[in-house]
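Q: Have a look at the structure that comes next, please.
Number of protein chains: 4
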Amino acid sequence: MSLPETPDSDPDATPGAAAATAHRRRKAERPQELLDAALALFVEKGFAATRAEEVARRAGVSKGTLYLYFASKQELLEAVIRERLSSRIAAAADRVADHPGSCAELLRDVLTQWWSEVLRSDASGVFKLVIAEVRNFPEIAEFYFREVVEPGQRLLGAIVERGIAAGEFRDLPADSVVHSLVLPMVMLCVHKHSLGVCHPAEALSDPQRFIQQHMDLLLHGLTLPGPAPAEAPLP
Amino acid sequence: MSLPETPDSDPDATPGAAAATAHRRRKAERPQELLDAALALFVEKGFAATRAEEVARRAGVSKGTLYLYFASKQELLEAVIRERLSSRIAAAADRVADHPGSCAELLRDVLTQWWSEVLRSDASGVFKLVIAEVRNFPEIAEFYFREVVEPGQRLLGAIVERGIAAGEFRDLPADSVVHSLVLPMVMLCVHKHSLGVCHPAEALSDPQRFIQQHMDLLLHGLTLPGPAPAEAPLP
Amino acid sequence: MSLPETPDSDPDATPGAAAATAHRRRKAERPQELLDAALALFVEKGFAATRAEEVARRAGVSKGTLYLYFASKQELLEAVIRERLSSRIAAAADRVADHPGSCAELLRDVLTQWWSEVLRSDASGVFKLVIAEVRNFPEIAEFYFREVVEPGQRLLGAIVERGIAAGEFRDLPADSVVHSLVLPMVMLCVHKHSLGVCHPAEALSDPQRFIQQHMDLLLHGLTLPGPAPAEAPLP
Amino acid sequence: MSLPETPDSDPDATPGAAAATAHRRRKAERPQELLDAALALFVEKGFAATRAEEVARRAGVSKGTLYLYFASKQELLEAVIRERLSSRIAAAADRVADHPGSCAELLRDVLTQWWSEVLRSDASGVFKLVIAEVRNFPEIAEFYFREVVEPGQRLLGAIVERGIAAGEFRDLPADSVVHSLVLPMVMLCVHKHSLGVCHPAEALSDPQRFIQQHMDLLLHGLTLPGPAPAEAPLP
DNA sequence: AATGAATGAGGGTTCATTCAT
DNA sequence: AATGAATGAACCCTCATTCAT
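Residue numbers (our numbering), protein chains in the order written: chain C, 1064 to 1298; chain S, 1064 to 1298; chain V, 1064 to 1298; chain E, 1064 to 1298.
Quick look at the structure:
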């Protein structure tokens, strides 16, 4: 439930005091600070329109320092994407493993919680970033597919198929169902970093509410009407 | 329809003036050719990463000519977006006006046909473009909202609400329902121009099938189970 | 006999007058003007220490213009070396072909005249340039060998061997003789563009005189004392 | 006769504090190691194209340490050149002082041995370095002239003039003769560090042989044919 | 109207030098 | 004395835009 987000980095950390190992400690934190800055700017302005010096300045260092940690702007982009997506899929898998309820509940919980977390965190921007930049940097595509799309697809597809096999869900193509479930979530993330910034007054302004409604609608469409209504199991 | 021409300086003008006409027609089509070229390249590489000269070359003219028609690269971007989105919304509204069937059928037909057309056409790329560039060019946001988001929302929301009022649909918040219906369609368009190019072997490789499945799932979730099942009306 | 040197380019050619085809004519001359500027600066300061903008400014154009004609600074270097060495070897070969006198006279004339021309012209700087830069740009080595070293060696070696066969010269290894003849000439060129600039008062300050003395000394060491003294044939 | 190469290893054997001694010895040798590294790299790549950090790394120290011993990269260059040229001229003068034979023999021995040593040692690279960098660092010129060119010229010029006065040599301008003798030797050194690295298969690949042939040719050209053949004195 | 040569500000990257540790 | 993280000026190269033809 707790988001392991990077705490806000302070650009002017302890100038005079506690200077003993400050030198080393800074070095250890620099890459993450640069990645955070880069993510924010790449998501906001796009990769090409972001100047390397801006990234450095936002991370509180000078232009040259950026290049001590990343060989080029492009490598920084790749690192940014890699860093933000790797850990989260595993977290979702864990949640699925030890879940008690029905398939519908499992689906609802996983999607609601996992996506809520992503949406709250900076990682949500990665979707916009990948969408905008894959065609210019095809190496990103392969990584994103291997690390994000396929595991996610597999995880959710398995739940759907289990529900079908158990007679809980209607017999529908699992891959399409997963897309119907997930694509609006991705759009929510994308929206948060594009139109959502410019036009906050809108139906997507309360994403948590939409997630709930979306799950209700989809699970209602997915479950068999008969014996075991997923959202109100008999006592 | 004809553009005001400067007097023909061609000394050996043919009597029928077929060449002159071809020339004049070229001139009239220039802006559209430039817009087409710009759309393709902006969608592919992003606005900042596309060089003005590339656009010109793809349109078959020289760099300087581009600036005869558009004052700057940014104005070209704005024209591109405006041009591709204006007409399509009206077409959808027309279809809704004289539709015979139930609300579910109406919804299915409108969504299936309208989005299929968009997905097939170049206009699908505009979604990726808007997503990637709104934050850099906020004027785009307002236009896009006024011309695309709001009309679309109003149109579909009205159908949903009519269905609810008619007892055909469950009583759900219309705005969320519309989003559940539409956001995956938008993602389909985005996908076509980003990941879909890099990784064609995938579940979204047959978008028409997905659209069908998505509509089935959503309409099943939307309709009341009782008297009038939308997808199989009693004779 | 006449040096086909590039005339001094005027950086501000005819601003108002004769503007008809000035545009095109400039374009045709630009590459040569840039090559001249680049040669002068590369020879003076070395390749790495010369800024591309300096080259452009010396050629009377802006930084960007340089890159309209040469893809990179390195390509400019390669073009500079190629351009200055190709034609001169052929000129020497011509002179050898239709020479009337003895081998000693032939040798003296070829070396004296050819090297005097090179020494007077800007091309002399190429030797310093090649010496300083081959190890950084190995492609230069192959070109220089194929186009300069080997043809020169072959040309002069053939004369020496002819002289030996005719009983005019002592029987010495021709390659070493050629080096004894030629290496001081190369050094003369190098000197002109390195130490010679800093310390003009010196024994090499009159290179023509040195060339004469060098030829006399070497030909005296080369010729057989007996029947036909090359530099003073009997009546 | 003895090569004043990198100085000796250790005069001080100490009881007990071996590590401290090693450390101290390292410290004493640091400047020389840095000079060696700098010479090698400056000769190979040129001054401007050599990074200070490369020099440090090749000497086995860190970037900062270099600046403990040399105030700037340029001062390092000057030290490199100074250090390699000072001692050798004196060695040649010694050899001349106590030489028994004729002037021709003296000339041959001095040139052959001195230049062979230089050519074998790292010092040979200094010629290339001076040639390439004097114009950027004019202070080098004065030093090089005072310490290398003039002493060498004086030394050899004196021998030649002595030979002329003794009736052993023809009456030629001594400065030109010295140049004819010496310039090819300089070129040999230069060649070793420029083209010779790229194209080893060549007539200069056996420099010792060339030196012999060059001396034979030049001394033959220099000596009077008559009473006292220099290279085969009668018993 | 169309061209394309020319410009020069701008951005990615390098590297000599400094300084806190 | 030694390190190596950090800096920022400098340089190569690009590209939106202009303008003479």
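The beta-carbon is built from N, C-alpha and C at its ideal position, and this holds for glycine as well. As the structure is a prediction and not an experimental result, all values here were calculated from the model.
Am I right that Ser-1243/V and Leu-1281/V are in contact with their C-beta atoms under 8 angstroms? What's the rounded C-beta distance?
A: That pair is a contact at about 6 angstroms.
Q: Leu-1097/V and Leu-1129/V: beta carbons closer than 8 angstroms?
A: The answer is yes: Cβ separation under 8 angstroms.
Q: Cα separation between Ala-1076/S and Glu-1092/S?
A: Note that Ala-1076/S scores a pLDDT of 41, beneath 50, so its modelled location is shaky; the value from the coordinates is reported in the next line. Between Ala-1076/S and Glu-1092/S, the C-alpha separation is close to 22 angstroms.
Q: Does the region 1206-1213 of chain C come into contact with the region 1146-1159 of chain C, if we say contact requires no fewer than three beta-carbon pairs (one atom in each stretch) closer than 8 angstroms?
A: Result yes; three or more Cβ-Cβ pairs closer than 8 angstroms.
Q: State the Cα-Cα distance for the pair Cys-1261/E and Val-1197/V, rounded to the nearest angstrom.
A: Each residue's alpha carbon lies about 8 angstroms from the other.
Q: Using DSSP bridges, identify the partner residues of Thr-1113/S.
A: DSSP, once it has assigned bridges, lists no residue as partnering Thr-1113/S.
Q: Taking one C-beta from the region 1181-1192 of chain S and one from the region 1102-1119 of chain S each time, how about it: are there three or more such pairs within less than 8 angstroms?
A: The region 1181-1192 of chain S, when compared against the region 1102-1119 of chain S, does touch it at the 8 angstroms Cβ threshold.
Q: Answer yes or no: does any C-beta atom of chain C fall closer than 8 angstroms to that of Leu-1341/S?
A: The shown model of chain S, from 1064 to 1298, leaves out residue 1341/S, and the question about it has no answer.
Q: Can you tell me whether Asp-1238/E is buried or exposed, with buried defined as 16 or more other CB within 10 angstroms of its CB?
A: Asp-1238/E should be labelled buried.
Q: Taking the alpha-carbon positions, what's the Glu-1168/S to Leu-1174/S distance?
A: Their backbone Cα atoms lie some 10 angstroms apart in a straight line.
Q: Classify Phe-1190/S as helix, strand or coil using the three-state DSSP reduction.
A: Phe-1190/S falls in the helix class under three-state DSSP.
Q: Expressed to the nearest angstrom, what Euclidean distance is found between the alpha-carbon atoms of Val-1223/S and Arg-1183/S?
A: One C-alpha to the other measures close to 26 angstroms.
Q: What number of angstroms, rounded off, separates the C-alpha of Ile-1274/E from the C-alpha of Ala-1266/E?
A: Their Cα atoms are separated by approximately 12 angstroms.
Q: What separation, rounded to the nearest whole angstrom, lies between the Cα atoms of Gln-1276/V and Pro-1094/E?
A: If I take the Cα positions, the gap works out to 45 angstroms.
Q: If you draw a straight line from the alpha carbon of Pro-1296/E to that of Asp-1161/E, how long is it in whole angstroms?
A: Unreliable placement is indicated for Pro-1296/E, whose pLDDT of 42 sits below 50; no coordinate value is reported for it.
Q: With a threshold of 6 angstroms on Cβ separation, who are the neighbours of Met-1248/S within its own chain once the five nearest residues in sequence on each side are excluded?
A: Around Met-1248/S: Trp-1178.
Q: Would you identify the three-state DSSP class for Pro-1298/S, choosing helix, strand or coil?
A: Interpretation of Pro-1298/S is limited by its pLDDT of 38, a score under 50 that renders its predicted location unreliable; the figure taken from the coordinates is listed afterwards. The answer is coil: DSSP assigns Pro-1298/S none of H, G, I, E or B.
Q: Does Arg-1171/V pass the burial test, meaning 16 or more other C-beta atoms within 10 Å, or should it be called exposed?
A: Per the 10 Å Cβ criterion, buried.
Q: Given a cut-off of 8 angstroms on the beta-carbon distance, is the pair Gly-1284/S and Ala-1195/S in contact?
A: No; because the gap between Cβ atoms is not below 8 angstroms, this pair is not in contact.
Q: Output needed for Lys-1126/V: all residues of its chain with C-beta closer than 6 angstroms, excluding positions within five of it in sequence on either side, in chain order.
A: Correct list, in chain order: Glu-1116, Ala-1119.
Q: Counting only Cβ pairs nearer than 9 angstroms, list the residues of chain C close to Met-1109/S.
A: The sequence given here places Gly at residue 1109/S; Met does not occur at that position. Here the neighbours are Gly-1109, Phe-1110, Ala-1111, Ala-1112, Ala-1195, Glu-1196, Arg-1198, Asn-1199.
Q: Out of curiosity, what's the CA-to-CA distance linking Leu-1246/C and Leu-1246/S?
A: Computed Cα separation, rounded: 7 angstroms.
Q: Quick check on Phe-1208/C: does DSSP put it in helix, strand or coil?
A: Phe-1208/C falls in the helix class under three-state DSSP.
Q: Which one of Ser-1257/S, Val-1159/S, Cys-1166/S, Glu-1138/S has the shortest CA to CA distance from Ile-1203/C?
A: That would be Ser-1257/S, whose Cα lies nearest to the Cα of Ile-1203/C.
Q: Taking Ser-1268/E as part of the alpha helix (DSSP H), name the residues at either end of that continuous run.
A: That residue, Ser-1268/E, is in no alpha helix (DSSP H); it is neither H nor E in DSSP.
Q: So, at 8 angstroms on beta carbons, what are the nonlocal neighbours of Asp-1234/V in its own chain, with the 5 sequence-adjacent residues on each side left out?
A: Correct list, in chain order: Ile-1227.
Q: Could you tell me whether any Cβ in chain C is nearer than 8 angstroms to the Cβ of Pro-1214/S?
A: Judged by the 8 angstroms Cβ criterion, Pro-1214/S is not in contact with chain C.
Q: How would you list, in chain order, the residues of chain S whose beta-carbon sits under 8 angstroms from the beta-carbon of Ala-1204/C?
A: Neighbours of Ala-1204/C on chain S, chain order: Leu-1258, Cys-1261, His-1262.
Q: Within a Cβ cutoff of 8 angstroms, which residues of the same chain sit near Tyr-1207/S, ignoring the five residues on either side of it in sequence?
A: Taken in chain order, the residues that qualify are Ile-1144, Leu-1148, Val-1193, Val-1197.
Q: Could you give the DSSP three-state label for Gln-1105/C: helix, strand or coil?
A: Note on identity: in this sequence residue 1105/C is Phe, with Gln being the wrong assignment. Of the three classes helix, strand and coil, the one that applies to Phe-1105/C here is helix, per DSSP.
Q: Any Cβ of chain S within less than 8 angstroms of the Cβ of Leu-1285/C?
A: Taking Cβ atoms only, chain S reaches closer than 8 angstroms to Leu-1285/C, which makes this a yes.
Q: Who are the neighbours of Lys-1191/E on chain V, taking C-beta pairs under 9 angstroms?
A: Correct list: Ile-1194, Ala-1195.
Q: Alpha carbons only, please: which of Val-1181/C, Lys-1136/C, Leu-1131/C, Ser-1165/C is nearest the one belonging to Met-1062/C?
A: The structure shown has nothing for residue 1062/C, since chain C only spans 1064 to 1298.
Q: Check the C-beta distance from Leu-1219/E over to Ala-1156/E and give it rounded, since I have them as a contact under 8 angstroms.
A: Wrong, their Cβ atoms sit about 11 angstroms apart, outside the cutoff.
Q: Who are the near neighbours of Val-1240/E in its chain, counting only those whose CB is closer than 7 angstroms to its CB and skipping five residues on each side?
A: Closer than 7 angstroms at the Cβ level, and outside the excluded window around Val-1240/E, lie Val-1223, Leu-1285.
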